[in-house]
Amino acid sequence: MNWDRIEGNWKQVAGKVKEQWGKLTDDDITVIGGKQDQLVGRIQERYGLAKDEAERQVNTWIGRM
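Residue 142, in my numbering, is where the sequence shown stops; the numbers in between run on with no holes.
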């Protein structure tokens with residue numbers, strides 16, 4: 078699945094995002110609103126990861142969708 082499809086179906090995908098990254102809050106999900114850079118930033122913040130690692134996790138997750 079590509080990011081355009083994820084962004085377009087954010088409400089349906091949001092639950093899967095919370096399953097993958099359980100530290101993200103409902104407010105985080107609302108703020109992210111389907112934006113990939115926002116997701117990466119929130120993962121960095123909640124998990125204390127470097128940007129490279131957060132991007133790698135997101136890209137791996139997208140590849141499994």
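The beta-carbon is built from N, C-alpha and C at its ideal position, and this holds for glycine as well.
_Assuming contact is defined by CB atoms lying nearer than 8 Å, are Glu132 and Gly111 in contact in what I supplied?_
no
With DSSP as the reference, label Ala127 as helix, strand or coil.
coil
(request) Might you give, ordered along the chain, the residues of its own chain that have their beta carbon closer than 8 Å to the beta carbon of Tyr124, omitting 5 neighbours on each side? (result) Trp98, Lys100, Ala131
Can you look up Asn79 in the DSSP assignment and give me helix, strand or coil? In this structure, Asn79 counts as coil in the three-state DSSP scheme.
Under a Cβ-count criterion, where at least 16 other Cβ atoms within 10 Å of its own Cβ denotes burial, should Arg119 be classed as buried or exposed? buried
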